[in-house]
Amino acid sequence: MSHDGSMPSASPNSSGPGLPTDFAAVLSAAIAQRNLTLDRIAQHLRESGTPISIATLSYWQTGRSLPTRTRSLMALRELEKVLRVPDGGLTGALPQGANRNPRISGALIRIGFNPDPDFANQTLQDSIEFSLARTTQSETTRQLLRAETACLHRIPLVLRQEASSRCLPVVEPVAGCSLGDVTTVDNGLVIAELKLSRPVSQGETAQMEYRVVWDIADDEDFGFARVLPRPIDHLAIDVHFLDRRPRLATYTVRPGAENEDQHPASQQLEPTRLVQLSLADPIPGVHQLGWEF
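In UniProt numbering, the protein residues as written are 1 to 293.
As structure tokens, then:
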């Protein structure tokens with residue numbers, strides 16, 4: 001799961017939480033089902049007034065980039081028609097961004113949230129505890145944010161649980177916030193309301209901490225992803241392996257909306273019992289840690 005416009009968040013996922021490979025797999029399957037070439041698909045999109053290059057379609061299909069710009073999302077909805085998939089069949093497979101994914105944007109509006117962000121994250125620290133012996137993964141997020149509205153008093157936390165998982169995520173406030181309404185939208189999509197300890201005036205900062213506990217299905221791979229829709233000052237992710245160290249640990253970044261034609265970058269990390277990542281001024285996009293045993 002991931003999130004773009006309000007509070008970015010992440011979850012266990014069949015290929016790491018909120019990873020764009022989910023979208024790539026769905027798109028590839030739809031193209032194969034229709035037996036269309038990328039050239040033919042690009043021609044359909046040009047004729048519909050939503051042109052997308054063959055190169056960009058190839059990037060989407062292989063997971064090298066994601067459709068996140070407004071024009072790309074418009075083309076994606078047309079692509080659903082070309083490939084004869086249900087409405088939302090492709091857009092719903094994206095690592096969802098609250099102000100970019102129509103399904104989440106609509107859900108936020110229905111429950112009284114502005115789909116455009118009312119605040120800007122300055123720092124994010126994610127601490128994950130992982131155990132092979134357990135059926136859950138615990139993720140604690142510490143967050144420093146700055147209000148961009150006159151009186152910020154609550155924020156949405158958008159979470160998506162994969163269909164193969166057994167239970168929806170559990171949100172536990174730790175400090176600086178309390179849990180309000182929790183709304184299950186559809187297909188494992190959950191929006192939790194986090195109420196700040198006090199209203200925050202425009203330009204002021206607030207700190208908060210919360211924990212998300214995910215149920216992990218037997219057929220899931222291991223990973224964590226953090227989606228950054230906008231630049232922040234600092235991102236830190238650490239994974240504590242409670243049983244034993246992994247055989248392999250990898251960090252991958254997939255550039256976001258402003259750089260959707262750029263290639264992802266990947267690097268190996270030292271596979272110890274504590275894997276850490278610390279980034280100053282990280283670029284917007286999907287920042288993923290994956291591991292294997």
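Beta carbons are placed, not taken as given, at the ideal position from N, Cα and C, and that holds for glycine.
Cβ shell of residue i (< 7 Å), same chain only, five flanking positions each side left out
i    : result
S28  : Q61
R154 : G180, E193, L194, K195 and L196
S58  : L38
F119 : L145, R146, A147, E148, L152 and I155
Backbone CA spacing between residue i and residue j [nearest angstrom]
i           : j    : result
P169        : D39  : 41 Å
L45         : L108 : 29 Å
V85         : T123 : 39 Å
G223        : L289 : 6 Å
V275        : E139 : 14 Å
E129        : F241 : 6 Å
R211        : R160 : 15 Å
L179        : V200 : 17 Å
D219        : L73  : Its pLDDT being 47, under 50, D219 is placed unreliably by the model, and the measurement read from it follows with that caveat. Cα-Cα distance, rounded: 30 Å.
T141        : A225 : 13 Å
residue 294 : A265 : This structure does not reach residue 294, given that the chain is present from 1 up to 293, and the question cannot be answered.
W291        : Q267 : 12 Å
T91         : E78  : 11 Å
T56         : V171 : 37 Å
C167        : D126 : 22 Å
Residue i beta carbon near the ligand MN (any heavy atom closer than 7 Å)
i    : result
S266 : Judged by which ligands are present, the structure shown has none, so any question about the ligand MN falls away.
Neighbourhood of residue i by C-beta, 6 Å cutoff - its chain only, sequence neighbours within 5 removed
i    : result
I111 : T183
P51  : L45
P173 : L179 and Y210
Proximity below 8 Å, CB of residue i to CB of residue j
i    : j    : result
P271 : R247 : yes
D233 : D281 : yes
N121 : Q143 : yes
T149 : Q202 : yes
A24  : G88  : no
L152 : C177 : no
V190 : T136 : no
L94  : L66  : yes
L83  : R34  : yes
Beta-ladder partner(s) of residue i, from DSSP
i    : result
D215 : T136
G285 : L228 and P255
V201 : Correcting the residue identity first, residue 201 is Ser in this sequence and not Val. C151, per the DSSP bridge assignment.
N121 : L145
K81  : Answer is none; K81 lacks a bridge partner.
Contact set for residue i: own chain, Cβ-Cβ below 8 Å, skip 5 residues either direction
i    : result
A175 : Q207, M208 and E209
L277 : L235, A236, I237, D238, Y251, L269, H287 and L289
T205 : Q122, L144, L145, R146 and A147
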